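There are 2 protein chains.
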Amino acid sequence: MSWTLAARAEKMNPSVIREILKVTEKPGIISFAGGLPSPKTFPVAEFRAACEKVLTEDGPAALQYAASEGYGPLREMVAAGLPWKVDPAQVLITTGSQQGLDLVAKILLDSGSRMLVETPTYLGALQAFAPMEPRAVSVASDDEGVRADDLAAKAGQGAERARFAYLLPNFQNPTGRTMSEERRAAVVAAAANAGVPLLEDNPYGDLWFEQPPPAPLTARNPEGCLYLGSFSKVLAPGLRLGFLVAPPAIYPKLLQAKQAADLHSPSFNQRMVAQVMQDGFLARHVPTIRALYKSQRDHMLRALEREMPDGVQWSRPVGGMFLWVRLPAGLDAVTLLPRAVERNVAFVPGAAFYADVPESNTMRLSFVTASTSQIDIGIAALAQTIREAMETQRTGRPATPVQL
Amino acid sequence: MSWTLAARAEKMNPSVIREILKVTEKPGIISFAGGLPSPKTFPVAEFRAACEKVLTEDGPAALQYAASEGYGPLREMVAAGLPWKVDPAQVLITTGSQQGLDLVAKILLDSGSRMLVETPTYLGALQAFAPMEPRAVSVASDDEGVRADDLAAKAGQGAERARFAYLLPNFQNPTGRTMSEERRAAVVAAAANAGVPLLEDNPYGDLWFEQPPPAPLTARNPEGCLYLGSFSKVLAPGLRLGFLVAPPAIYPKLLQAKQAADLHSPSFNQRMVAQVMQDGFLARHVPTIRALYKSQRDHMLRALEREMPDGVQWSRPVGGMFLWVRLPAGLDAVTLLPRAVERNVAFVPGAAFYADVPESNTMRLSFVTASTSQIDIGIAALAQTIREAMETQRTGRPATPVQL
Chain U
1 MSWTLAARAE KMNPSVIREI LKVTEKPGII SFAGGLPSPK TFPVAEFRAA CEKVLTEDGP
61 AALQYAASEG YGPLREMVAA GLPWKVDPAQ VLITTGSQQG LDLVAKILLD SGSRMLVETP
121 TYLGALQAFA PMEPRAVSVA SDDEGVRADD LAAKAGQGAE RARFAYLLPN FQNPTGRTMS
181 EERRAAVVAA AANAGVPLLE DNPYGDLWFE QPPPAPLTAR NPEGCLYLGS FSKVLAPGLR
241 LGFLVAPPAI YPKLLQAKQA ADLHSPSFNQ RMVAQVMQDG FLARHVPTIR ALYKSQRDHM
301 LRALEREMPD GVQWSRPVGG MFLWVRLPAG LDAVTLLPRA VERNVAFVPG AAFYADVPES
361 NTMRLSFVTA STSQIDIGIA ALAQTIREAM ETQRTGRPAT PVQL
Chain H
1 MSWTLAARAE KMNPSVIREI LKVTEKPGII SFAGGLPSPK TFPVAEFRAA CEKVLTEDGP
61 AALQYAASEG YGPLREMVAA GLPWKVDPAQ VLITTGSQQG LDLVAKILLD SGSRMLVETP
121 TYLGALQAFA PMEPRAVSVA SDDEGVRADD LAAKAGQGAE RARFAYLLPN FQNPTGRTMS
181 EERRAAVVAA AANAGVPLLE DNPYGDLWFE QPPPAPLTAR NPEGCLYLGS FSKVLAPGLR
241 LGFLVAPPAI YPKLLQAKQA ADLHSPSFNQ RMVAQVMQDG FLARHVPTIR ALYKSQRDHM
301 LRALEREMPD GVQWSRPVGG MFLWVRLPAG LDAVTLLPRA VERNVAFVPG AAFYADVPES
361 NTMRLSFVTA STSQIDIGIA ALAQTIREAM ETQRTGRPAT PVQL
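Protein sequences, first through last, are from chains U and H. For the first sequence, our numbering gives the first residue as 1, with consecutive numbering after it. For the second sequence, our numbering gives the first residue as 1, with consecutive numbering after it.
So this is what it looks like as structure tokens:
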């Protein structure tokens, strides 16, 4: 039998992150690689009560086919919880916010379409867009996020105009950086001026440590933005629920793409989440996640300061799950990874997160999954791996192994 | 803000079925339209026990991100339950079998690719394929399913060779027909000879009334077929779980498309279903669904025989959920629908199920959702609507309304 693959499938490659997650599932590995929320934060008792209630009171509907838009009460809760005026009719419940990326790609990207991303950007988004075969263009970015002047310069015109710019303003995956108030205003103005819609991805926005981040980009120009949210980081990722907020001009097309993709997201899960969220549960629950992740961040920052050799730099995120490490020039995090895994510690090489030219001396570390004692051990092991590589680079030969 | 849609989105139209489902959600409507399993068949108590057990014993894992392939024990159960040798590594758990259609389209269809479907075929499949912009070609079909000679004639060659043929051999949606043993053998041979892979969709195969259907197409040529299964009809659709079985040559591409689409199907739902399926639950549960649906089918057949005017024909499916009605030539089921809805009865016009030239004098009726007394009332109302239309056709003027 001769299978003929679609051109897009010929280009598909295994997800680096997913393959790494497999390696790091080996027992004994301390993983800073996966973007896994701490299971300590999952409200298991509340889910148990919600399951019982939903199945007892609303079982047949919870287990039946349902409307593609999503469960009405959940859409209303989502709309009411956003910091700008959103009609529940603009909310589309998705099978994780990852599916939102797939749906947006389907309705806005032709093969060869120009679209803009941050430098670096979320790998999963690049993978979600890839099947539509766009031309992803990296916009220069700094510690405050994507640069408005470069976004304007790369917006393109006419048929070459970017279909959208994909931005993750809060505690970005992978860098942990947050877009400043001034930058948000400038970016929204530049995009509107250039006629480029924004696709704002905000899975981590609620996970701030000292103060809430500035208002979302979408709040500043709702007609020119699509907004992606997720229940994965504030409740649990295993339910696979997220949402998309779209202006009325675009919503019907997204809905049709959603119908074609999986008919609707699980009715049961939507009712469970709506049940758990009743009576302001998130307002009580999310602060406990913030406190935990802040202490984890603090612990990892202290470990990095204690262990890392001179020349290694890292970000100090004010929320979220990730920080970004920059190794001395010339070191390659991809070649470092197997040596780190030998020492039972894992990370994601930063090169995975670039749409075009990667900076190979970078890596992403999650500070939320490992315990504090694992962070101490893992960062020490990682620092030793890096020192060894620096020594090899300096002398041209492998360093004498140093016992941990 | 000027949004530029992808070409595929310009062509997207609202799903006829989904829009009809909305109309028929009006209270008081007797709906033969939706493909909704009877909620009486949902094992609510078993799901409640499974939720409790999964959350108590395995809560953190059930609520965490997971591998894109699916939950290992569930993949093993799926493989073990199929009537040919399947390695669990060939099983991909999907977010409903609808997602399987989306994934297959992504990896096998380029814009303009030729692909083959039955006449008529499942509307949701046409919608799932549409975003990849294939050229769907209808293969002539009769009461035994798609015709092998016409499949061979339309297979195409070289770059024009069909990327796959989409077939639903058991109790087909929409016609209810079942492919005979001889036809299966002939179709598999013709497809293999022409080098056309088969995409076999089997959501209803377990719902047989007198005897199991012949062996799946895939069992006859596993390397040349993709197989889609679903938990929606034997457990509950609201969990959105299905599966894809693929030969090793194709599996990795489907897996990558799956990762990009929604990372993985809900871990929690997969564990719930695996828990419910333990200890042979389906072997006890599915016979109760068969018995219910058989009695519903019998009831609808009796009502049709009692009520329908001469010239109306219908299929007598030996399993599944649907039967197919053919009106006298010249009658149009689409124009009939609003008049039926006025009489509080709904169906899906058959025209929705054709890839190219529709037969407008057809309709699909589900016999599983309505109660037997609703079937009596609804079929009588539908028959009256049809009689009225026949009278109008005969005399050229509207019939005198007949009181029910």
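Every residue, glycine too, gets a C-beta built ideally from N, C-alpha and C. Note that this is a predicted model, so its numbers are computed, not measured.
| Check | Outcome |
| --- | --- |
| Three-state class that DSSP yields for U:Y227 in the structure shown | strand |
| Cα-Cα separation between H:Q275 and H:L63, rounded to whole angstroms | 15 Å |
| Through-space distance from H:S2 to U:Q157, alpha-carbon basis | 12 Å |
| Within 9 Å of chain U by C-beta, residues of the segment 95 to 115 of chain H in sequence order | T95, G96, Q98, Q99, L101, D102, A105, K106, I107, L108, L109, D110, S111 and S113 |
| Stretch pair the segment 248 to 265 of chain H + the segment 75 to 82 of chain H: three plus CB contacts closer than 8 Å | no |
| Within chain H, partners of U:I250 - CB distance below 8 Å | W3 |
| Inter-residue Cα distance where the pair is U:H285 and U:V234 | 8 Å |
| Chain U contact for H:E52 (CB, 8 Å cutoff) | yes |
| Given 8 Å, three or more beta-carbon pairs between the segment 39 to 59 of chain U and the segment 385 to 399 of chain U | no |
| Span separating the alpha-carbon of H:V402 from that of U:G100 | Confidence at H:V402 is low in this model, with a pLDDT of 42, below 50, so the placement of that residue is unreliable and no value is reported for it. |
| U:L304 at chain H interface by Cβ criterion, 8 Å | no |
| U:G295 - containing alpha helix (DSSP H), residue span | Gly is not the amino acid found at residue 295 of chain U; the sequence shown has Ser there. F281 to E307 is the extent of the alpha helix (DSSP H) around U:S295. |
| Coil, strand or helix - U:V276 by DSSP | helix |
| Per-residue contacts from H:V44 into chain U (C-beta, under 8 Å) | L55, G59, P60 and L63 |
| Endpoints, the beta strand (DSSP E) within which U:T395 is located | Careful: U:T395 lies outside any beta strand (DSSP E), inside the alpha helix (DSSP H) at T372 to T395. |
| The segment 352 to 370 of chain H / the segment 316 to 325 of chain H touching (three or more Cβ pairs under 8 Å) | yes |
| Per-residue burial, H:E182 [other beta carbons within 10 Å of its own, 16 or more giving buried] | exposed |
| Residues near H:A190 in its chain [Cβ-Cβ closer than 7 Å; skip 5 each side] | A148, L151 and A152 |
| Per-residue burial, U:N202 [other beta carbons within 10 Å of its own, 16 or more giving buried] | buried |
| Cutoff 8 Å; reference H:P328; Cβ partners in own chain excluding five residues on either side | G311, V312, N361, M390 and Q393 |
| Any C-beta of chain U under 8 Å from that of H:L36 | yes |
| Where the segment 190 to 201 of chain U meets chain H: residues whose CB sits under 7 Å from a CB there | A192, G195 and P197 |
| Proximity test, Cβ basis, 8 Å: U:P423 and chain H | Any question about residue 423 of chain U goes unanswered here, given that chain U covers just 1 to 404. |
| Spatially closest choice to H:P27 from H:E118, H:V139, H:R343 and H:G124, by CA coordinates | H:R343 |
| Own chain, CB closer than 6 Å to H:G319, minus 5 neighbours either side, in chain order | F171, L207, W208 and F209 |
| Rounded separation between H:L404 and H:V341 - CA only | Confidence at H:L404 is low in this model, with a pLDDT of 36, below 50, so the placement of that residue is unreliable and no value is reported for it. |
| Range of the contiguous alpha helix (DSSP H) that encloses H:L126 | L123 to F129 |
| Buried or exposed (CB count within 10 angstroms, at least 16 for buried), H:S295 | exposed |
| Helix, strand or coil at U:R343 according to DSSP, with G and I counted as helix | coil |
| Burial state of U:Q278 (16 or more Cβ within 10 Å) | exposed |
| Any C-beta of chain H under 8 Å from that of U:K11 | no |
| C-beta contact flag for H:P317 and H:R297 at 8 Å | yes |
| Proximity test, Cβ basis, 8 Å: U:S267 and chain H | yes |
| Chain-ordered residues of the segment 314 to 326 of chain U with a beta carbon less than 9 Å from chain H | none |
| Among U:M308, U:Y204 and U:S113, nearest to U:L167 - alpha-carbon criterion | U:Y204 |
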